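What follows is a short report on a single structure.
Protein chains in written order, with the numbering used here: chain Y, 10 to 490; chain P, 67 to 317.
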């Protein structure tokens, strides 16, 4: 009667990670390991100015004095830095002038990822930057954006073409000494995306970057820097996938957002790095530092749907420096099988009348562990600061765990801080109710979970929301018996 | 429509239904009454396919199909509808979205095309009027924050939308005031046709003032021990269940 456990198990077999393919593209790799020579190698490969090499070496020196953080509620074998390849680039001699020049294998990869550029170009008008392994390979729509003075390109290109902008802003939000992984990234980052929106310009399309780790034994260390000048607006999307491998691969990115006066940045992520197999073998270690700073009346909104990675350690944060600035964090984090996630946000209120909202929805299934860790900090001068936090956890099995670590530090008595939290188990009654209305168990779970995440999914741009819903469905298939 | 023969069912090893027989034909309304713990709600759950219950003996023929062999969702798709005694809340899922998913799943099962947005909305408008359901409730989350009466009306609204062959109303009258009761009952009556059938499970006779049954059955200790015309309900209302118990025990 109904859906048997055997059927479930069978379904599960067939629903392994669907982005687990490897693209057969020749790549240009550095020898494994990490030392000053490797850093010089990377910098030389990228034809970087002297100041950037110095920046890297300084970060490396700092990193050597640091130890890997252990406070997160996750357990894993620490990656051996001497076994990782810190530079791997798809072999190519020239930059692509147009989409037609892109390697057909690469195009195939993108197709498998569900990003047909042609289609995107035609239908959605999304400008896409595609970062494979460590190097950005294609940026579409550049000309159109240029007319408005918008710069959207790979990080390396920005270093060459707009060194003054990069030098001025890089490391101002996430200093090299910020934490172990940020320092590592600052030393060895290979590429990423750069975006600058000029004063008063409203970016007419979603800017989007797809990150993919292809090569085995490599780490991905990309940097993203988004600068929204006074009164401008941009919505930025980021998607991530990686092939299925038995080894753990390290992804340590740094994302810096700068919203100047009256500017607004909306940053959305759908993270689907390979989570490892059902026994917890393989998968990506996703150790990411994301932070934004808001000047007066500015707003930064982070939305993330996290379904992948073996271990996630990630706290997209806002420094609300300017008066009346606004920070938002909307998150859905799903863990299944042996995945572990320790994710949340930091809202640092420095300015007066600053406002922050945190909506976090954790979903744990299988034997996974899912933690929310958040900090709301109200500084002395932040009069009338406000925060609203809501942290919900949904449990799908008897063997998973959900944890909440909310920290509040308040040094101004006029602040208003609200915190709500719930933990619930997906109801057999709810599933039965759906089934009695003709909806099968998988669809029922997807319906219930989507309902649970609605406040977050609503924040995503339309096409992205559809993708996120599908991902949730795939990630949780077979998770309730 | 449905023929239940010698049905035995238990939960956690405890037998609740102990050889129940019942036949309902198209166009008929049957009322099932009985004291607390007789197995009324168990019957509804077993027919709908709730997994906690184990059927140990007996057969159920539903319009030529072996009902017990069908999955819960396929029973619904074949046209069996259960109006829940305690309708379930599904936060964040709009009533509309829920119903459209449901309706399309049923249509797909029957090899029909998905309903168009236009037709669907027209149907929603039409059917919500039937149970005087505020159109605002259609866009709210399923049963979330609904009053008791609204939840029950929402069940009948769903029933109207899905047009089942057989509807089982499980204590639909509980928690309803007299006005809501009338609205719900009139909805059920308007949906009645010679092609569908209804089983009304109730404690009290008062619902049967509005939904007139063709037959009344008394369920006691897992079996139907007495059946009769609608007047039987009045007799039960007047005399209680003790005389039935005495009758059964005398046998």
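Just so you know, even glycine gets a beta-carbon here, dropped at the ideal spot from N, CA and C.
For clarity, every value in this text was computed on a predicted model and none was experimentally measured.
Rounded to the nearest angstrom, what separates residue 104/P and residue 131/P at their Cα positions?
Looking at the two C-alpha atoms, the distance is approximately 27 Å.
List the residues of chain Y that residue 116/P touches, going by C-beta distances under 7 Å, in chain order.
441
Could one say the Cβ of residue 262/P lies closer than 9 Å to chain Y's Cβ atoms, at least one of them?
The beta carbon of residue 262/P does not come within 9 Å of any beta carbon belonging to chain Y, so the residue lies off that interface.
Per DSSP, the bridge partner or partners of residue 395/Y
364/Y and 425/Y
Name the chain Y residues that come within less than 8 Å of residue 156/P, Cβ to Cβ?
439, 442, 443, 456, 457 and 460
Is it buried or exposed for residue 317/P, if we count other Cβ within 10 angstroms and need 16 for buried?
exposed
Closer than 9 Å to chain Y by CB, residue 286/P
no
Pair within 9 Å by beta-carbon distance, residue 197/Y and residue 95/Y
yes
Mark residue 309/P as exposed unless 16 or more other C-beta atoms lie within 10 angstroms of its C-beta, in which case mark it buried.
exposed
Is there at least one Cβ from chain P nearer than 9 Å to residue 372/Y's Cβ?
no
For a quick check, are the C-beta atoms of residue 139/P and residue 445/Y less than 9 Å apart?
yes
Strictly under 9 Å for the Cβ-Cβ distance: is residue 448/Y near chain P by that measure?
yes
How about the stretch 232-242 of chain Y and the stretch 197-208 of chain Y: do they share at least three Cβ pairs that are nearer than 8 Å?
Yes, since at least three Cβ pairs between the stretch 232-242 of chain Y and the stretch 197-208 of chain Y fall closer than 8 Å, the two stretches touch.
Give a yes or no on whether 9 Å exceeds the smallest Cβ distance from residue 142/P to chain Y.
Yes, its Cβ sits closer than 9 Å to a Cβ of chain Y.
Could you check whether the Cβ of residue 291/Y sits closer than 9 Å to any Cβ belonging to chain P?
no
If you count every other CB in all the chains shown that lies within 10 Å of the CB of residue 102/P, and 16 or more means buried, which is it?
exposed
Check for me: the alpha helix (DSSP H) holding residue 74/Y runs from which residue to which?
Residue 74/Y -> no alpha helix (DSSP H), and no H or E assigned at all.
C-alpha gap between residue 146/Y and residue 442/Y, whole angstroms
Low confidence applies here, because residue 146/Y scores a pLDDT of 47, under 50, leaving its location unreliable; read the following figure in that light. Using only the alpha carbons, I get a separation of about 49 Å.
Have a look at 163/Y, 313/Y, 90/Y and 339/Y and flag the residue whose alpha-carbon is nearest the alpha-carbon of residue 261/Y.
90/Y
Inspect the beta-carbon positions of residue 324/Y and residue 403/Y and report whether they are closer than 9 Å.
no
How would you label residue 182/P, buried or exposed, when you count the other beta carbons within 10 angstroms and need 16 or more for buried?
exposed
Within-9 Å CB hit, residue 464/Y to chain P:
yes
Give me the Cβ distance between residue 339/Y and residue 383/Y, rounded to the nearest whole Å; I'm assuming they're in contact under 8 Å.
Not confirmed; about 13 Å, so no contact.
Whole-angstrom distance between residue 277/Y and residue 247/Y, CA atom to CA atom
6 Å
Check whether the Cβ atoms of residue 114/P and residue 148/P lie closer than 9 Å to each other.
Inclusion of residue 114/P and residue 148/P in the CB contact set at 9 Å is warranted, their separation being smaller than that value.
Where does the unbroken beta strand (DSSP E) through residue 236/P begin, and where does it stop?
That run of the beta strand (DSSP E) goes 232-236.
Identity of the residue in 118/P, 300/P, 166/P and 227/P nearest residue 145/P by Cα:
Of the candidates 118/P, 300/P, 166/P and 227/P, 227/P places its Cα closest to the Cα of residue 145/P.
What in chain C is Cβ-close to residue 452/Y, meaning under 8 Å?
Among the protein chains of the structure shown, namely Y and P, there is no chain C.
Would you identify the three-state DSSP class for residue 7/P, choosing helix, strand or coil?
Since the first residue shown for chain P is 67 and the last is 317, residue 7/P is missing from the structure and cannot be characterised.
For residue 436/Y and chain P, any beta-carbon pair shorter than 9 Å?
yes
Alpha carbon of residue 379/Y to alpha carbon of residue 179/P, nearest angstrom:
41 Å
Quick one: which chain Y residues come within Cβ less than 7 Å of residue 139/P?
444, 447, 448 and 449
Would you decide whether residue 265/Y is buried or exposed? Buried here means 16 or more other CB atoms lie within 10 Å of its CB.
buried
Please report the Cβ distance between residue 234/P and residue 265/P, rounded to the nearest whole angstrom; I am assuming they are in contact, meaning their Cβ atoms lie under 8 Å.
5 Å
Does residue 161/P have its Cβ less than 9 Å from a Cβ in chain Y?
Not an interface residue.
With a 10 Å radius around its C-beta and 16 neighbouring C-beta atoms as the bar for buried, classify residue 60/Y as buried or exposed.
exposed
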